[in-house]
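Here the structure is laid out as structure tokens; the discussion comes afterwards.
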Amino acid sequence: MNAVSNAKRVLIVDDEADICLLLSGLLRRLGYQPTCAHFIEEGRQCLSAQQFDAVFLDLNLPDGLGFDLLPSIKQEQADTKIIMISAFDGQAERRRATEQGADYFIGKPFTRRSVEMALQTIQV
Numbered sequence: 387m388n389a390v391s392n393a394k395r396v397l398i399v400d401d402e403a404d405i406c407l408l409l410s411g412l413l414r415r416l417g418y419q420p421t422c423a424h425f426i427e428e429g430r431q432c433l434s435a436q437q438f439d440a441v442f443l444d445l446n447l448p449d450g451l452g453f454d455l456l457p458s459i460k461q462e463q464a465d466t467k468i469i470m471i472s473a474f475d476g477q478a479e480r481r482r483a484t485e486q487g488a489d490y491f492i493g494k495p496f497t498r499r500s501v502e503m504a505l506q507t508i509q510v
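The opening position of the sequence shown corresponds to residue 387 in the working numbering, with each subsequent residue numbered one higher.
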């Protein structure tokens, strides 16, 4: 069995191509198998097609808020950990993310260390 099939699957839902490239490259180097989606609907399709260990979910997307996708992730993939990522890094956003089921919150711009810390904290 090869390493890729054992790798934990991570979905990145972010409309910024640079963020997806940066984050997926970092995750690959850390041994994860990343998948990118740029819209909520695209994220929904990915989630219905396969199981993920974690989701990096942007707060503001072209077709709605990341918060709109949170309930369906929790319902369809209850064991999947959710890391919200957003340039809007205020107490209100952090509180709402936690209340709605996110496991961790990272403000943008993020660092390699903050991503590693998030994954370590949520144990993925």
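Each residue gets a CB set at the ideal place from its N, CA and C atoms; glycine is no exception. Just so we're clear, the structure is a prediction, and the values are computed from it rather than from any experiment.
Can you say whether residue i is buried or exposed, counting buried as having 16 or more other CB atoms within 10 angstroms of its CB?
{"i": "T507", "result": "exposed"}
{"i": "P457", "result": "exposed"}
{"i": "S434", "result": "exposed"}
{"i": "T484", "result": "exposed"}
Can you tell me the Cα-Cα spacing of residue i and residue j, whole angstroms?
{"i": "I459", "j": "D475", "result": "22 Å"}
{"i": "N446", "j": "N392", "result": "31 Å"}
{"i": "D444", "j": "Y490", "result": "12 Å"}
{"i": "F496", "j": "R415", "result": "17 Å"}
{"i": "D454", "j": "R498", "result": "27 Å"}
So, for residue i: in the same chain, excluding its five sequence neighbours on each side, which residues have a beta-carbon less than 6 Å away from its beta-carbon?
{"i": "A423", "result": "V399, G429 and C432"}
Between the Cα of residue i and those of the options, spot the shortest distance and give me the residue it belongs to.
{"i": "V441", "options": "L397, L408 and F453", "result": "L397"}
{"i": "D449", "options": "L413, D401 and M503", "result": "D401"}
Once you ignore the five residues that flank residue i on each side, which residues in its own chain have a CB closer than 7 Å to its CB?
{"i": "S500", "result": "I492"}
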